[in-house]
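Chemist: Residue numbers (mature numbering (1 follows the signal peptide of the UniProt record, and there is no 0)): -26 to -1, 1 to 736.
Below is a structure I'd like to ask you about.
This is the structure in structure tokens:
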């Protein structure tokens, strides 16, 4: 669990940790833009290098290009009293959370297969220990303990770290991280848990406990050469370089800070990052701030989701330049969002992480993905993004779409089918998109109906001809083209291969036609164009029946046609709209209706105005209930949620989410007839630390190390009991479960169990 929490924490910083283990260079061919012409059929031209065949009036058949189908805020239970001053925390391999959490409610515990076990401590309490144990469970009274005794407790203590703490007081934080740039100095505070008032710093004595190069307690008045951090008498701690005497830089050091107040001790872990790691964190923070500035200056947050994505994608492809020579420094420095957004010069990893930061600022779910792709050069390592639109995931690749002029959107809203089957990456993600695939390619076709619609749109009613047809065919599936040409009665005169971006399995082809078979033109008048039933929809009525029109036959601006409904036997159609270009009053213009052998005369009133309302972010609160459930506190039931950018789900009628997991919880208002879904409210969900290293069984008859943040119960019982003392004894014989309670946005910890072997004393 701690590894998982660490993963989530670093993931939120734009995958800084990944940099220590992952270096990606696209190995870009700098000689030219990687666009070339690809043969599109198994009917070869007469000469090997010919890109046209003027004598062959047959269209190409299928190309064999089918892809494979594989497609903390830490709690008070900081348990360890042993500190490793030379900890290298980034060397561990972490695993992302699994979406389908089986812990659906508190009854899952009966099926839990893993428990930590509270160990027995073979230790006899001293008279001083017994005095503390007695006093910490009474009203607060000062204990008279000299400085040497305090130091001795700190150095030689075998008991839980909270054993000498009175529950009336606690430090503001139990884990603090210092770095050279962002958090180089913090003043610790001790608070009264009842009154919430701060204890005056002059009444507190502060100690630093180190374990390397030797166990030692250092006060503010002592020499700080061996200290892990600089400690002042008022509780201020400052960053200190992690370099050792041999000039070796340790990435991270840790030490424990102790606060002594009227004889009682309170502690926190202090982590100190090296200068290099501090620089990485500072760079990431600068990148986050730059992402916020970019969004704010361009006003993108005022736009609907698809427009936000389009603007961000366009900005990155045009403003960020590829660092062919790694001129911004060592390659590692080109692997982060800072190189993209601040330096404006990076490689593919920086492009992907930079876009991810911007989209996170815009509230658009985005993931970083890496693999091997021939989009840039043969079998090169590459990185790009997955983005979620309409609860479906699409690939976007700003590196491969980079430009000095106008963005072409060649790699915008791709699917797995837009990669070569030899490209290597994880294709098995949930909810892959298809409906918006290659949205910016007006001539992309994947079905026979798509081809027919494109033919219709290229029909010129003035000369009653289709003079030319340019298509990008899904993975070279020319069977759909042949069938469409036949159904539309088109006779191919010439065809030639078109150019397409490298690394694409799709095929580009251009046709010209013999237009000897010209049919009589059917004139169609449009009687009415109006909003339909106060919805985001347009109703169009004709003067005659026209059957089987598709969404692509209707050309509009400022919105996308989601679906088309034919009514009145083809004499009328309803266009259901989505993804409007802006909020507020939006004027949608019907620019044309196209169908081969038809001419549509548009009504002069071919514009419909819509009022697209922007829903505000949900103003809600959450309350963690146990280890897997969170309650949404809200006055509305029109909400949906997801954890860690997985699938959106409706918030249940009882407002309780039973699949909670650590990471990010996203909540938004659902779309309705007049408004798209709202921007998201984000909560950081954490899980309390396990208590097995904090709580100990002493001599088989007493539990110590407890605090008021915990709860316990007998194994077969249903209800949990709040811990009200720092020690438990005289329990009935049996197995007991103990955990840290859920609170706010923190889930209850995993369970620790203890076997109570002695009978309760009468």
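We put the beta carbon where it would ideally sit given N, CA and C, even for glycine.
To the nearest angstrom, report how far apart residue 495 and residue 466 are at their CA atoms.
Modeler: Roughly 21 Å separates the two Cα atoms.
Chemist: Using DSSP bridges, identify the partner residues of residue 228.
Modeler: The partner list for residue 228 (beta bridge, DSSP) reads 245.
Chemist: Helix or strand or just coil, what does DSSP make of residue 104?
Modeler: Looking at residue 104 - three-state DSSP - the assignment turns out to be helix.
Chemist: Using C-beta distances below 8 Å, list every residue in its chain close to residue 607, excluding the 5 sequence neighbours before and after it, in chain order.
Modeler: Hits under 8 Å: 594, 595, 596, 597 and 629.
Chemist: Using 8 Å for Cβ pairs, my map puts residue 289 next to residue 336. What's the rounded Cβ distance?
Modeler: The pair is not a contact, with the Cβ atoms about 11 Å apart (cut-off 8 Å).
Chemist: May I have the straight-line CA-CA distance separating residue 529 from residue 431, to the nearest angstrom?
Modeler: Taking the straight line from one Cα to the other gives about 9 Å.
Chemist: Under the three-state reduction of DSSP, which class applies to residue 496: helix, strand or coil?
Modeler: Strand, per DSSP.
Chemist: The beta strand (DSSP E) that contains residue 545, what's its start and end?
Modeler: That residue, residue 545, is in no beta strand (DSSP E); it is neither H nor E in DSSP.
Chemist: Mind checking who residue 522 pairs with in its DSSP beta bridge?
Modeler: DSSP output for residue 522 lists no bridge partner at all.
Chemist: Using a 10 Å radius around the Cβ and a threshold of 16 neighbouring Cβ atoms, would you call residue 240 buried or exposed?
Modeler: Buried, since its Cβ has 16 or more Cβ neighbours within 10 Å.
Chemist: I'd like to check one pair, residue 603 with residue 632: are the Cβ atoms closer than 8 Å?
Modeler: Cβ atoms of residue 632 and residue 603: closer than 8 Å.
Chemist: Three-state secondary structure (DSSP) at residue 553?
Modeler: Residue 553: coil per DSSP, three-state reduction.
Chemist: Can you give me the C-alpha to C-alpha distance between residue 739 and residue 321, rounded to a whole angstrom?
Modeler: Outside the displayed range of the chain (-26 to 736) lies residue 739, so it cannot be described from this structure.
Chemist: Rounding to the nearest angstrom, what Cα-Cα distance links residue 375 and residue 388 in this structure?
Modeler: Between residue 375 and residue 388, the C-alpha separation is close to 12 Å.
Chemist: For residue 174, count neighbouring C-beta atoms within 10 Å of its own C-beta (all shown protein chains included) and say buried if the count is 16 or more, exposed if not.
Modeler: Counting Cβ neighbours within 10 Å, residue 174 comes out exposed, since fewer than 16 surround it.
Chemist: Measure how close the beta-carbons of residue 586 and residue 652 come, nearest whole angstrom, since I'm counting them as under 8 Å.
Modeler: About 13 Å; that fails the 8 Å criterion.
Chemist: If you draw a straight line from the alpha carbon of residue 616 to that of residue 706, how long is it in whole angstroms?
Modeler: Using only the alpha carbons, I get a separation of about 43 Å.
Chemist: When you compare only the Cα positions, how much space is there between residue 367 and residue 579?
Modeler: When rounded, the distance between both Cα atoms is 38 Å.
Chemist: Can you find the residues in the same chain that come closer than 6 Å, C-beta to C-beta, to residue 93, ignoring five residues on each side of it along the sequence?
Modeler: Hits under 6 Å: none found.
Chemist: My guess is that residue 202 and residue 244 are in contact by the Cβ rule of under 8 Å, so how many angstroms apart are they, rounded?
Modeler: Sure, about 7 Å apart at Cβ, within 8 Å.
Chemist: Return the CA-CA distance between residue 186 and residue 193, expressed in angstroms with no decimal places.
Modeler: Rounded to whole angstroms, residue 186 to residue 193 spans 16 Å at the Cα level.
Chemist: So residue 425 is in the alpha helix (DSSP H); what residue range does that whole segment cover?
Modeler: Looking at the DSSP string, the run of the alpha helix (DSSP H) that includes residue 425 is 422 to 431.
Chemist: Within this structure, are the beta carbons of residue 714 and residue 722 separated by less than 8 Å?
Modeler: The answer is yes: Cβ separation under 8 Å.
Chemist: Please report how far the alpha carbon of residue 461 lies from the alpha carbon of residue 497, in whole angstroms.
Modeler: Approximately 21 Å between the Cα atoms of the pair.
Chemist: If you reduce the DSSP assignment to three classes, tell me which class residue 722 lands in.
Modeler: Looking at residue 722 - three-state DSSP - the assignment turns out to be coil, as it is neither helix nor strand.
Chemist: Quick one: which unbroken beta strand (DSSP E) runs of 3-plus residues sit fully inside the region 313 to 382? Chain order, please.
Modeler: Those beta strand (DSSP E) runs which fall completely within the region 313 to 382 and span 3+ residues are 340 to 347, 354 to 363 and 366 to 370.
Chemist: Under the three-state reduction of DSSP, which class applies to residue 462: helix, strand or coil?
Modeler: Coil, per DSSP.
Chemist: Out of 664, 142, 279 and 315, which one is the CA nearest neighbour of residue 340?
Modeler: If we check each option's Cα against that of residue 340, 279 comes out closest.
Chemist: Identify, in the order they occur along the chain, each residue of the same chain with its Cβ nearer than 6 Å to the Cβ of residue 442, setting aside the five sequence neighbours on each side.
Modeler: Within the same chain, residue 442 has close Cβ partners 486.
Chemist: Let me check understanding here. Comparing Cα to Cα, which of 536, 547 and 541 lies closest to residue 554?
Modeler: Of the listed residues, the one whose Cα sits closest to residue 554 is 536.
Chemist: Exposed or buried, what is residue 716 when buried is set at 16 or more other beta-carbons lying within 10 Å of its beta-carbon?
Modeler: The residue is buried, with at least 16 neighbouring Cβ atoms inside 10 Å.
Chemist: If you draw a straight line from the C-alpha of residue 124 to the C-alpha of residue 236, how long is it?
Modeler: Computed Cα separation, rounded: 11 Å.
Chemist: Short check: CB of residue 614 to CB of residue 605, under 8 Å?
Modeler: No, the Cβ-Cβ distance between residue 614 and residue 605 is not below 8 Å.
Chemist: Please confirm if residue 125 has its CB atom under 8 Å from at least one CB of chain E.
Modeler: Of the chains in the structure shown, none is chain E; there is only one protein chain.
Chemist: What does residue 597 pair with, by DSSP beta-bridge criteria?
Modeler: Paired residue(s): 605.
Chemist: Does the beta-carbon distance from residue 372 to residue 287 come in below 8 Å?
Modeler: Yes. Within cutoff.
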